[in-house]
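Residue numbers (UniProt numbering): 1 to 545. Don't be surprised by glycine CBs; every beta carbon is placed ideally from N, CA and C.
See the structure below:
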């Protein structure tokens with residue numbers, strides 16, 4: 001089911017992207033959901049679990065670490081709850097399957113601060129309700145999955161009635177469409193046949209049913225470090241908290257992590273309410289297992305002798321690792337696309353810039369790894385895109401060190417936030433100061449429409465340049481220079497003092513400087529700065545302070 005669902009979504013990712021309400025070329029819901037779900041699928045394939053409870057846990061854990069964008073994070077929460085619903089089960093009855101879907105919906109709704117109907121949440125909820133009703137009629141997994149699939153389809157078709165902006169543009173919810181595609185793959189795998197999907201939800205046919213019966217479709221590689229090995233055993237355990245005869249202690253994350261940290265390096269501890277997962281390099285794997293048993297039963301154990309692996313793989317590739325960098329007190333991690341913009345962030349004190357944002361949202365794991373590379377005592381995360389908020393917050397929770405997310409919605413806000421950064425201040429003082437700076441800047445973008453559409457009273461043609469101010473499309477026209485000037489004018493008020501233009505790929509320095517001169521000629525009290533951002537997707541990023 002998982003393999004076919006992943007392949008289905010991979011094949012349809014661009015279609016899901018095309019359902020983005022706004023016709024900007026960064027509608028990446030399909031890409032985010034596909035990469036997130038594939039991360040879960042990869043872990044399932046790697047671990048090769050023998051019962052459905054463990055398969056579901058692997059899917060949930062892989063999704064958690066690979067979640068990209070809000071859609072990917074919500075998907076990870078759906079299957080985190082799903083995993084809770086079928087934990088410790090070797091097989092699933094129809095009722096078990098329905099319960100698992102229902103648990104997933106409960107978990108996802110709890111994870112979202114302000115759930116909005118007409119989205120992936122609605123599709124998941126109504127699909128689960130259909131599954132619960134079906135289980136009462138017939139305790140058969142295929143029957144339940146058929147009704148879940150049907151419920152998802154019916155809910156998806158209704159999403160434009162719940163969100164007026166969807167009806168106005170003439171599309172269904174993209175996240176809901178992605179979930180429906182996954183459920184289509186699930187049903188195909190269970191029935192062993194291709195499912196004919198109603199054209200009104202826009203699905204094309206992908207003949208991937210045979211994937212359910214193929215072994216090793218998703219390939220994974222296992223990289224081995226070539227550094228001198230101080231701790232020779234890669235040890236992984238998963239503990240079912242509070243279960244078993246060996247339990248002597250109540251689980252406390254800080255205590256648990258600190259003890260294991262003294263046993264080795266490369267420590268990663270991920271937990272939810274019922275399970276804790278550990279990865280650590282150590283010389284004493286037995287101590288790790290024994291310590292884990294104090295908190296619950298071991299439901300997964302994996303120990304690899306890295307020295308043996310190293311001897312095999314090292315041939316011809318030996319290299320000495322660089323010494324560990326001394327820890328910084330606070331490191332700022334930012335997300336940005338475009339070398340010029342990335343350089344500016346670093347010049348303002350950002351320790352690590354993750355490439356991404358507009359067309360590629362970094363995953364939770366990407367953010368965690370970036371922070372670990374810096375090796376700081378604490379972290380500040382600047383997502384610079386509201387679609388990266390949830391994965392940033394998950395990363396902050398997973399990191400061993402204290403971390404705060406400064407909720408910058410744009411590159412302009414992120415750069416302005418750095419004006420409030422003081423490396424000598426505390427983490428909380430910096431988070432507060434940087435957040436307060438966000439209110440002092442207006443953010444604008446100029447980008448190309450990828451289709452004809454109508455939003456409110458605004459008619460947009462494919463190929464037009466659109467002006468976007470603080471997330472809203474304000475106007476569009478065929479001439480890039482004219483649209484950029486119109487966007488700047490819309491952002492100015494009597495308190496405006498500085499306009500900054502970051503010109504992107506395909507825009508010349510001369511064009512940008514000519515724009516700046518026109519703005520300054522019309523507004524004597526306005527200072528205009530021009531920088532080569534080299535960003536993709538957006539011809540201009542504009543900030544007004």
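Which partner residues does residue i have in the DSSP bridge list?
| i | result |
| --- | --- |
| residue 466 | 447, 476 |
| residue 291 | Partner(s): none; residue 291 has no beta bridge. |
| residue 234 | 281, 304 |
| residue 540 | 446, 503 |
| residue 112 | None; residue 112 has no bridge partner. |
| residue 369 | Residue 369 is not bridged to any residue. |
| residue 354 | 335 |
| residue 68 | 363 |
| residue 297 | 240 |
| residue 458 | 455 |
| residue 264 | 282 |
| residue 328 | 376 |
| residue 247 | Residue 247 pairs with nothing; no bridge assigned. |
Mind checking whether residue i and residue j have CB atoms under 8 Å apart?
| i | j | result |
| --- | --- | --- |
| residue 152 | residue 121 | no |
| residue 404 | residue 419 | no |
| residue 250 | residue 29 | no |
| residue 185 | residue 135 | no |
| residue 108 | residue 124 | yes |
| residue 72 | residue 44 | no |
| residue 416 | residue 545 | yes |
| residue 52 | residue 177 | no |
| residue 388 | residue 406 | no |
| residue 384 | residue 367 | no |
| residue 501 | residue 542 | yes |
| residue 56 | residue 82 | yes |
| residue 264 | residue 297 | no |
| residue 452 | residue 462 | yes |
| residue 531 | residue 344 | yes |
| residue 364 | residue 65 | yes |
| residue 292 | residue 239 | yes |
| residue 346 | residue 376 | no |
| residue 528 | residue 514 | no |
| residue 294 | residue 255 | no |
| residue 328 | residue 374 | yes |
| residue 534 | residue 340 | yes |
| residue 112 | residue 74 | yes |
| residue 141 | residue 187 | no |
| residue 13 | residue 31 | yes |
| residue 486 | residue 464 | no |
| residue 235 | residue 171 | no |
| residue 497 | residue 526 | yes |
So residue i packs on residue j, CB below 8 Å; how close in whole Å?
| i | j | result |
| --- | --- | --- |
| residue 338 | residue 504 | 7 Å |
| residue 330 | residue 378 | 5 Å |
| residue 499 | residue 469 | About 13 Å separates the two Cβ atoms, so there is no contact after all. |
| residue 237 | residue 288 | 6 Å |
| residue 540 | residue 445 | 7 Å |
| residue 59 | residue 40 | 4 Å |
| residue 476 | residue 449 | 6 Å |
| residue 361 | residue 68 | 5 Å |
| residue 189 | residue 1 | 4 Å |
| residue 433 | residue 422 | 7 Å |
| residue 302 | residue 333 | Between residue 333 and residue 302 the Cβ distance is about 30 Å, and since that is not below 8 Å, they are no contact. |
| residue 467 | residue 483 | 5 Å |
| residue 233 | residue 304 | 7 Å |
| residue 130 | residue 150 | 6 Å |
| residue 126 | residue 154 | 7 Å |
| residue 442 | residue 491 | 5 Å |
| residue 162 | residue 118 | 3 Å |
For a cutoff of 8 Å on Cβ pairs, would you count residue i as touching chain B?
| i | result |
| --- | --- |
| residue 493 | Looking at the structure shown, chain B is missing, and only one protein chain is on hand. |
Q: Quick one: which unbroken alpha helix (DSSP H) runs of 4-plus residues sit fully inside the region 488–538? Chain order, please.
A: 509–522
Q. Within the chosen definition, does the region 95–110 reach the region 150–165 through at least 3 CB pairs nearer than 8 Å?
A. no
(Q) Does the contact criterion of 3 or more C-beta pairs under 8 Å hold for the region 136–148 versus the region 163–179? (A) no
Q.
Threshold first: 3 residues or longer. Then list the beta strand (DSSP E) segments lying entirely within the region 373–418, N to C.
A. 376–382, 402–405
Q. Can you list, in chain order, the stretches of the alpha helix (DSSP H) that have 4 or more residues and sit fully within the region 137–191?
A. 141–162, 164–169, 174–191
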